[in-house]
Amino acid sequence: MSSSILICDDSNLARKQVLRSLPDSLSTNVQLATNGQEALELLTSQSFDLLFLDLTMPILDGLGVLQGIKDNNINISVFVISADIQPEMQSKVLELGAKAFLQKPVKSEVLIAQLEQHGFL
Amino acid sequence: MKNINLTEDQKDCLQEIINVAMGQASDQLARYLDTFVHLKVPSIEQVDSQCIIGALNSEDDRVAVVSQGFFGYEGVRGEALLIYQPKDSDKLADLLGYEPGELSVEEQIIDLSSILTTTFLNVFASQIENQMSYSAPRLLSSNKGAISEHIEQQSFNWDLALKVKITYQVTDYSFNCDMVLLIPESAINNITDVLDRILASF
């Protein structure tokens, strides 16, 4: 299955970590955003299947993106990948519609297990 | 003025390592206080030892500061300062559920600082393949003179340092504290070698 993917993180290193953790079958159609606002602009103008989303970002943070996705009725699966691992934050993002919460730095095996669980592999 | 020359990639890598450490420290704080800690993007900038006192003091007149030195292998070292507003430190007893007089405000502040500092630095150290040991935390009396004097002693053997500032905001109680790390230039040189190794693996 070919999926179109957006990776949103203000850190270049973190974007690369996600990209490198993706299996080959998913890593062909990937776009990058460096903050939440950029991500929302891309999400409202193009169609994506999957968003990997950081939380702590300048301009617009990850919670803002999740809210924007909700407000605009954008149909997308969101995996949050964050260093902010507080239990309350994890339940907050799941309540806002994220499919999964992954701890930073992301591990390839964890990411792949989540992709399988949600039918992307 | 001299510069600590970090490339954009090195700076980004350091920032990401700090984010991960900050996330785990705030998780510990949240569990300890049974509340939620709001995080902002941390700031990283270089400071001159001559400007540091002004830079810290300009932010507030009266503060309570807990200072703790840290030491790793290969000359990695620095100073962690936890900075509280006095009005916020008064809220701590409530936050921690202590009876009046059970534990002094000073002891509470030191407890809280130890949790934040050791968690942050242990996670930071493991990511740069290092290990930290710590000096005993010291509560500096809450007047400008004492803090300046302490910083002056600490900064005596460096001219230039990297200053990392992280704000932990406990939203339920409108309580804030700032963590300021001062990492001298000589220690940065060792850290950048590890950053380059991490970057080379991508």
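Chains as they are written, first to last, in the UniProt record's numbering: chain A, 1 to 121; chain B, 1 to 202.
Idealized CB from N, CA, C, for every residue including glycine.
1) So A/Leu66 and A/Gly97 are in contact, right, with Cβ under 8 angstroms, and what is the actual spacing, rounded?
2) Relative to the alpha-carbon of B/Leu33, which residue among B/Tyr168, B/Ser148 and B/Ile188 has its alpha-carbon at the smallest distance?
3) Suppose the cutoff is 7 angstroms on Cβ atoms and the five residues either side in sequence are ignored; what does the same chain contact list for A/Gln90 look like?
4) Between A/Gly68, A/Leu26 and A/Thr28, which lies nearest to A/Leu42 when the distance is taken from Cα to Cα?
5) Helix, strand or coil, according to DSSP, for A/Phe101 in the structure here?
6) Smallest Cα separation from A/Ser4: which of A/Thr56, A/Leu13, A/Leu32 and A/Asn73?
7) Between A/Asn73, A/Val78 and A/Glu38, which has its C-alpha nearest A/Leu60's C-alpha?
8) For the segment 23-79 of chain B, which segments carrying the beta strand (DSSP E) assignment without a break, of at least 3 residues, lie completely within its bounds, in sequence order?
9) Would you call the segment 100-117 of chain A in contact with the segment 37-46 of chain B, where contact means no fewer than 3 C-beta pairs closer than 8 angstroms?
10) Could you say if the segment 105-114 of chain A and the segment 162-180 of chain B meet the contact criterion of at least three C-beta pairs nearer than 8 angstroms?
11) For A/Val86, return the contacting residues in chain B, with the cut-off set at a CB-CB distance below 7 angstroms.
12) Within the segment 99-169 of chain B, note down every full alpha helix (DSSP H) run reaching 4 residues or more, in order along the chain.
13) Counting only beta-carbon atoms, is B/Phe202 nearer than 8 angstroms to chain A?
14) In chain order, what residues of the same chain have a beta carbon less than 7 angstroms from the beta carbon of B/Pro198, not counting five sequence neighbours either side?
15) Measuring straight from C-alpha to C-alpha, what distance separates B/Glu74 and B/Asp178?
16) What residue does the beta strand (DSSP E) around B/Asp178 start on, and which one ends it?
17) In whole angstroms, what separates the C-alpha of B/Ile183 from that of B/Asp193?
18) What residue ranges within the UniProt domain "Response regulatory" (4-119) of chain A form continuous beta strand (DSSP E) runs of no fewer than 3 residues, ordered along the chain?
19) According to the Cβ coordinates, are B/Ala80 and B/Thr117 closer than 8 angstroms?
20) Rounded to whole angstroms, what's the CA-CA distance from A/Asp71 to A/Asp9? Just pull it up for me.
21) Measuring only between beta-carbons, confirm whether A/Lys107 sits less than 8 angstroms from chain B.
22) Any idea which residues DSSP pairs B/Ile83 with across the strands?
23) Touch check for the segment 119-129 of chain B and the segment 96-110 of chain B: three-plus C-beta pairs under 8 angstroms?
24) DSSP three-state label for B/Thr7, please.
25) Please tell me whether B/Asp94 has its Cβ less than 8 angstroms away from any Cβ of chain A.
26) Taking the alpha-carbon positions, what's the B/Val37 to B/Leu139 distance?
27) So which of B/Ala25, B/Lys87, B/Lys91 and B/Ile109 has the shortest CA-CA distance to B/Val66?
28) A/Ser45 versus chain B: which residues are under 9 angstroms apart at the beta carbon?
29) Below 6 angstroms CB to CB, which residues in the same chain sit around A/Met57 once its five sequence neighbours on both sides are set aside?
By the coordinates alone:
1) For the purposes of this step, residue 66 of chain A is taken as the residue at position 66 of the first sequence. For the purposes of this step, residue 97 of chain A is taken as the residue at position 97 of the first sequence. The Cβ separation is near 6 angstroms, so the contact holds.
2) Within the second sequence, numbered from 1, the residue matching residue 33 of chain B stands at position 33. Nearest C-alpha to B/Leu33: B/Tyr168.
3) Position 90 of the first sequence, counting from 1, holds the residue named residue 90 of chain A. For A/Gln90, where only same-chain residues beyond five positions count, the Cβ hits under 7 angstroms are Phe101.
4) In the first sequence, residue 42 of chain A corresponds to position 42, counting from 1. Ranking A/Gly68, A/Leu26 and A/Thr28 by Cα distance to A/Leu42 puts A/Gly68 first.
5) Taking the first residue of the first sequence as position 1, residue 101 of chain A is located at position 101. In this structure, A/Phe101 counts as strand in the three-state DSSP scheme.
6) Here residue 4 of chain A corresponds to residue number 4 of the first sequence, with the count starting at 1. The shortest Cα separation from A/Ser4 among A/Thr56, A/Leu13, A/Leu32 and A/Asn73 belongs to A/Leu32.
7) By one-based count along the first sequence, residue 60 of chain A stands at place 60. The candidate whose alpha carbon is nearest that of A/Leu60 is A/Glu38.
8) 37-39, 43-48 and 64-71
9) no
10) no
11) The residue labelled residue 86 of chain A in the question sits at position 86 within the first sequence. The sequence shown places Gln at residue 86 of chain A, rather than the Val named in the question. Listed along chain B, the residues sitting closer than 7 angstroms to A/Gln86 by beta-carbon distance are Ser26, Asp27, Ala30, Phe36 and Val37.
12) 105-127 and 144-155
13) The residue given as residue 202 of chain B occupies position 202 in the second sequence. Taking Cβ atoms only, chain A reaches closer than 8 angstroms to B/Phe202, which makes this a yes.
14) Locating residue 198 of chain B in the second sequence gives position 198, where the first residue counts as 1. The amino acid at residue 198 of chain B is misidentified as Pro; the sequence shows Ile. Setting aside the 5 residues that flank it on each side, B/Ile198 is surrounded in the same chain by Cys13, each with a C-beta closer than 7 angstroms to its C-beta; the list follows chain order.
15) Numbered from its first residue, the second sequence carries residue 74 of chain B at position 74. Numbered from its first residue, the second sequence carries residue 178 of chain B at position 178. Their backbone Cα atoms lie some 27 angstroms apart in a straight line.
16) By one-based count along the second sequence, residue 178 of chain B stands at place 178. Taken as a continuous stretch (DSSP letters only), the beta strand (DSSP E) holding B/Asp178 covers Phe175 to Pro184.
17) By one-based count along the second sequence, residue 183 of chain B stands at place 183. By one-based count along the second sequence, residue 193 of chain B stands at place 193. Cα to Cα, B/Ile183 sits roughly 15 angstroms from B/Asp193.
18) 5-8, 30-33, 50-53, 77-82 and 100-103
19) Locating residue 80 of chain B in the second sequence gives position 80, counting from the first residue. Locating residue 117 of chain B in the second sequence gives position 117, counting from the first residue. With respect to B/Thr117, B/Ala80 sits close: the two C-beta atoms are nearer than 8 angstroms.
20) In the first sequence, residue 71 of chain A corresponds to position 71, counting from 1. In the first sequence, residue 9 of chain A corresponds to position 9, counting from 1. Rounded to whole angstroms, A/Asp71 to A/Asp9 spans 21 angstroms at the Cα level.
21) For the purposes of this step, residue 107 of chain A is taken as residue 107 along the first sequence, with counting starting at 1. Output row for A/Lys107: interface = no.
22) Residue numbering aside, residue 83 of chain B sits at position 83 when the second sequence is read from its first letter. DSSP output for B/Ile83 lists B/Val65 and B/Asp178 as bridge partner(s).
23) no
24) As a position in the second sequence, residue 7 of chain B is number 7, starting the count at 1. Reduced to three states, the DSSP call for B/Thr7 is coil.
25) Here residue 94 of chain B corresponds to residue number 94 of the second sequence, with the count starting at 1. It does not; no Cβ of chain A falls within 8 angstroms.
26) Residue 37 of chain B sits at position 37 when you count from the first residue of the second sequence. Residue 139 of chain B sits at position 139 when you count from the first residue of the second sequence. Distance between the alpha carbons of B/Val37 and B/Leu139: 23 angstroms.
27) Against the second sequence, residue 66 of chain B aligns to sequence position 66. The shortest C-alpha to C-alpha distance from B/Val66 to any of B/Ala25, B/Lys87, B/Lys91 and B/Ile109 is the one to B/Ile109.
28) Here residue 45 of chain A corresponds to residue number 45 of the first sequence, with the count starting at 1. Ordered by position in chain B, no residue passes the 9 angstroms Cβ test against A/Ser45, which lies about 26 angstroms from the chain.
29) Against the first sequence, residue 57 of chain A aligns to sequence position 57. The answer, listed in chain order, is Asp10, Asn35 and Gly36.
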